[in-house]
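Participant:
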Amino acid sequence: MNLKYIILSVFLLKFITQDINAQNWSEFANTGYYAKANLELKLHSKTENRVVFMGNSITEGWVFIRPEFFLRI
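Numbering (this note's numbering), first residue to last: 1012 to 1084.
1. For the structure I just gave you, are there three or more beta carbon pairs, one from the region 1065 to 1074 and one from the region 1040 to 1050, closer than 8 Å?
2. What would DSSP say about GLU1051, mapped onto helix, strand or coil?
3. Cα separation between ASN1067 and LYS1053?
4. Can you look up ILE1018 in the DSSP assignment and give me helix, strand or coil?
5. DSSP three-state call for LEU1024: helix, strand or coil?
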């Protein structure tokens, strides 16, 4: 009877932990969110001053709330 529970527990653990590795960790932090904007910057001349866009859920709305901050001076 004990062996039956041990075998059942091992199989259950195997199937439960199998889902842990099913995540795409390369996109865990939404690293590709600004990929298009960064690609457009690469197309400009190398002599220009350039930036790399980074952000999170707090800063992504800034471009809509304070667009003048992102204008070129």
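For each residue, glycine too, the CB sits at the ideal point set by N, CA and C.
Facilitator: Taking the definition as stated:
1. yes
2. helix
3. 22 Å
4. helix
5. helix
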